[in-house]
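Numbering (my numbering), first residue to last: 1 to 506. Everything below concerns the one structure shown next.
Set out below in structure tokens:
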């Protein structure tokens with residue numbers, strides 16, 4: 001006999017089945033990592049930039065021949081092993097079966113194409129790394145010999161910088177000028193989309209030769225306003241946010257759902273002079289402006305316990321820095337007046353512009369500098385520009401003074417200086433060109449580590465302090481906030497934070 005369920009028993013039965021059904025639905029692990037960065041990348045062509053946000057993007061999309069460990073140890077990357085044939089010849093043995101995101105296998109011809117492409121005009125912005133490359137010789141599909149123009153002990157570790165990213169020759173030639181917006185690499189994440197000024201999205205590359213990401217999608221959002229980054233972190237809209245500014249540190253530390261990470265950077269923030277423009281081509285004027293500033297007080301007022309005021313261009317975290325031996329900069333208004341008089345300048349009739357990007361701390365430093373120069377009668381106008389427009393504007397040589405940061409992504413003293421002050425460097429926005437400086441840089445690169453090389457960088461640092469192409473303002477810290485369930489993320493001293501090892505704790 002057929003039984004029919006009616007009324008309340010039916011409703012109870014259905015409710016029970018619904019509950020059981022819900023409980024039977026499997027729990028899905030979080031599969032998207034959302035990151036809030038301060039700035040958007042400018043391009044994802046690894047030789048088309050020399051800014052940190054773009055380097056971070058490239059680090060996920062591309063791999064390099066070698067990697068650098070936290071202590072500077074060189075580790076195998078796309079090259080499994082290598083031999084130093086001479087001071088100017090390196091033989092590298094490539095991994096077999098490495099796939100690009102377009103499915104093509106990486107070959108020695110791609111390595112040759114990638115590195116030599118960096119020496120063309122396309123690579124002008126990263127020339128400080130590629131300038132000593134003569135050619136790459138293809139021995140066979142999995143072996144290359146790198147030939148240098150001269151002995152350069154800083155070159156091999158620089159292959160771990162994003163300039164040394166290996167691209168697919170086929171993909172670059174197919175994309176042409178659009179490659180930077182449609183990148184193809186052999187890294188752990190492949191490109192999906194990019195809304196310029198807003199966010200870019202990458203996806204796990206399942207054919208990656210190395211350890212695969214533990215989540216599927218990486219979304220990096222550009223949020224220039226620091227408080228907004230913190231709010232997004234607090235609400236759970238993002239999983240990682242950086243940089244965290246001084247005002248927000250306590251807020252994150254006191255939130256039981258968040259974690260604050262911090263470590264000293266291999267970086268410097270400075271105010272540079274346009275040394276090609278009068279009167280800043282006169283060293284007495286540069287010295288006068290530096291003497292007029294209380295840079296130690298500026299650093300303390302703006303950063304309040306984060307980082308320190310530098311006394312040398314080479315940060316203390318990098319070998320051969322003499323920063324700890326040098327006294328801190330001291331404001332000397334009378335000296336400033338004396339130097340201005342010697343240069344034939346009346347400060348009360350002197351006007352100038354200070355350029356900066358939107359980062360709050362730099363705007364705050366510029367504001368204090370403006371006030372301190374005003375005490376001498378100098379009228380300083382502050383001009384604030386969006387990040388991409390700022391970098392483009394600096395290349396036009398129309399600026400007077402500007403605030404900018406420099407991170408030594410390769411922990412060698414050559415790169416702490418050459419990218420900023422070598423006459424041919426693409427990121428030399430002071431446009432300082434000095435024969436002695438170029439000679440000291442070439443000499444330092446040509447020497448193995450030891451006391452003789454240390455003496456070259458000692459002389460170099462003292463010479464820079466005498467010539468004052470820039471005023472040192474701040475040695476920063478890398479400070480990031482994360483959700484408590486985010487594991488495997490560590491802030492890096494060189495600011496090229498990695499998301500490759502990140503995972504979510506259940």
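Built from N, CA and C at the ideal position, the CB exists for glycine as well. For clarity, every value in this text was computed on a predicted model and none was experimentally measured.
Please work out which residues of its chain come closer than 7 Å, Cβ to Cβ, to residue 262, disregarding the five sequence neighbours upstream and downstream, and give them in chain order. Stepping through the chain shown from its first residue, residue 262 is reached at position 262. For residue 262, where only same-chain residues beyond five positions count, the Cβ hits under 7 Å are 477, 478, 479 and 491.
Quick test of your reading: residue 321 and residue 475, contact by CB under 8 Å. State the CB separation rounded to the nearest angstrom. Counting from 1 along the chain shown, the entry for residue 321 is found at position 321. Counting from 1 along the chain shown, the entry for residue 475 is found at position 475. Between residue 475 and residue 321 the Cβ distance is about 10 Å, and since that is not below 8 Å, they are no contact.
Once you ignore the five residues that flank residue 144 on each side, which residues in its own chain have a CB closer than 8 Å to its CB? Within the chain shown, the letter at position 144 stands for residue 144. Closer than 8 Å at Cβ, skipping near neighbours: 91, 92, 94, 108, 111, 112, 136, 137 and 138.
Would you list the one or two residues that DSSP bridges to residue 481? For the purposes of this step, residue 481 is identified with residue 481 of the chain shown, where counting begins at 1. Answer is 241 and 260, bridged to residue 481.
Tell me whether the beta-carbon of residue 318 lies closer than 7 Å to the beta-carbon of residue 448. Looking up residue 318 in the chain shown gives position 318. Looking up residue 448 in the chain shown gives position 448. For residue 318 and residue 448, no; Cβs fall outside 7 Å.
Does residue 362 come out as helix, strand or coil in the three-state DSSP assignment? Mapped onto the chain shown, residue 362 falls at position 362. Residue 362 falls in the helix class under three-state DSSP.
Of the listed residues 311, 315, 342 and 336, nearest to residue 327 (C-alpha basis): Residue 327 sits at position 327 when you count from the first residue of the chain shown. The shortest C-alpha separation from residue 327 is found at 311.
What are the start and end residues of each continuous beta strand (DSSP E) run of 3 or more residues lying completely inside the stretch 394 to 432, in chain order? 401 to 407
For the alpha helix (DSSP H) that contains residue 200, what are its first and last residues? Reading the chain shown from its first residue, position 200 is the one you call residue 200. Premise fails: residue 200 lies in the beta strand (DSSP E), 199 to 204, not in any alpha helix (DSSP H).
Beta carbon of residue 390, beta carbon of residue 357: below 7 Å? Translated into positions along the chain shown, residue 390 becomes position 390. Translated into positions along the chain shown, residue 357 becomes position 357. Taking 7 Å as the Cβ cut-off, residue 390 and residue 357 qualify as a contacting pair.
With respect to 6 Å, is the separation between the Cβ of residue 94 and the closest non-hydrogen atom of the ligand FMN below this value? Only the bare structure without any ligand can be found here, which leaves the ligand FMN out of the picture.
Between residue 215 and residue 163, is the Cβ-Cβ spacing less than 7 Å? If you number the chain shown from 1, residue 215 lands on position 215. If you number the chain shown from 1, residue 163 lands on position 163. Cβ distance not < 7 Å, so residue 215 and residue 163 don't count as in contact.
My understanding is that residue 220 touches residue 37, with C-beta atoms under 8 Å, so please give their C-beta distance in whole angstroms. To locate residue 220, count along the chain shown from 1; it is residue 220. To locate residue 37, count along the chain shown from 1; it is residue 37. About 6 Å separates the two Cβ atoms, so the contact holds.
So, at 7 Å on beta carbons, what are the nonlocal neighbours of residue 324 in its own chain, with the 5 sequence-adjacent residues on each side left out? For the purposes of this step, residue 324 is identified with residue 324 of the chain shown, where counting begins at 1. Excluding positions up to five away in sequence, the list reads 316.
Give the secondary structure of residue 115 by DSSP, where H, G and I count as helix, E and B as strand, and everything else as coil. By 1-based counting over the chain shown, the position of residue 115 is 115. Here residue 115 sits in helix by DSSP.
When burial is assigned at 16 or more other CB atoms within 10 Å of the CB, is residue 24 buried or exposed? As a position in the chain shown, residue 24 is number 24, starting the count at 1. Since pLDDT at residue 24 reaches only 39, below the 50 mark, its modelled position is unreliable, and the value read off the structure follows with that caveat. Exposed: under 16 other Cβ atoms inside 10 Å.
Alpha helix (DSSP H) segment containing residue 458, residue limits: Here residue 458 is taken as the residue at index 458 of the chain shown, counted from 1. Segment 451 to 467, the alpha helix (DSSP H) holding residue 458.
Beta-bridge partners of residue 76, as assigned by DSSP: On the chain shown, residue 76 is found 76 positions in, with the first residue counted as 1. Beta-bridge pairing links residue 76 to 66.
Ignoring anything shorter than 4 residues, give me the alpha helix (DSSP H) runs that lie fully in the stretch 326 to 374, in order along the chain. 333 to 342 and 360 to 374
Reference residue 96; option with closest CA among 89, 88 and 81: Counted from its first residue, the chain shown places residue 96 at position 96. The residue with the shortest Cα to Cα distance from residue 96 is 81.
Where residue 122 falls: helix, strand or coil (DSSP): The residue you call residue 122 lines up with position 122 of the chain shown. The answer is helix: DSSP assigns residue 122 an H, G or I state.
Spatial neighbours of residue 295 in its chain, beta-carbon cut-off 7 Å, leaving aside the 5 residues before and after: Counting from 1 along the chain shown, the entry for residue 295 is found at position 295. Closer than 7 Å at Cβ, skipping near neighbours: 309, 329, 471, 472 and 473.
Three-state secondary structure assigned by DSSP to residue 438: Locating residue 438 in the chain shown gives position 438, counting from the first residue. Reduced to three states, the DSSP call for residue 438 is helix.
Taking the continuous alpha helix (DSSP H) assigned at residue 225, which residues delimit it? To locate residue 225, count along the chain shown from 1; it is residue 225. Where residue 225 is concerned, there is no enclosing alpha helix (DSSP H), given that its DSSP letter is neither H nor E.
What three-state label does DSSP hand residue 380 in the structure shown? Within the chain shown, numbered from 1, the residue matching residue 380 stands at position 380. Strand, per DSSP.
Report the three-state DSSP secondary structure of residue 295 (helix, strand or coil). Numbered from 1 along the chain shown, position 295 holds the residue referred to as residue 295. Residue 295: helix per DSSP, three-state reduction.
Given that a residue counts as buried once 16 or more other Cβ atoms are within 10 Å of its Cβ, and exposed if not, what is residue 84? Taking the first residue of the chain shown as 1, we reach residue 84 at position 84. Result: exposed.
Beta-carbon contacts of residue 150 that lie in its chain and below 7 Å, excluding the five residues immediately before and after: Against the chain shown, residue 150 aligns to sequence position 150. Closer than 7 Å at the Cβ level, and outside the excluded window around residue 150, lie 88, 132 and 446.
For residue 184, which option in 205, 49 and 199 has the closest C-alpha, if you only look at C-alpha atoms? Mapped onto the chain shown, residue 184 falls at position 184. Among 205, 49 and 199, the Cα nearest to that of residue 184 is on 205.
Kindly indicate which three-state DSSP category residue 308 falls into: helix, strand or coil? Here residue 308 corresponds to residue number 308 of the chain shown, with the count starting at 1. Strand at residue 308.
Please list the terminal residues of the continuous alpha helix (DSSP H) segment that includes residue 89. Taking the chain shown and counting its residues from 1, one reaches residue 89 at position 89. Where residue 89 is concerned, there is no enclosing alpha helix (DSSP H), although the beta strand (DSSP E) it sits in stretches over 89 to 94.
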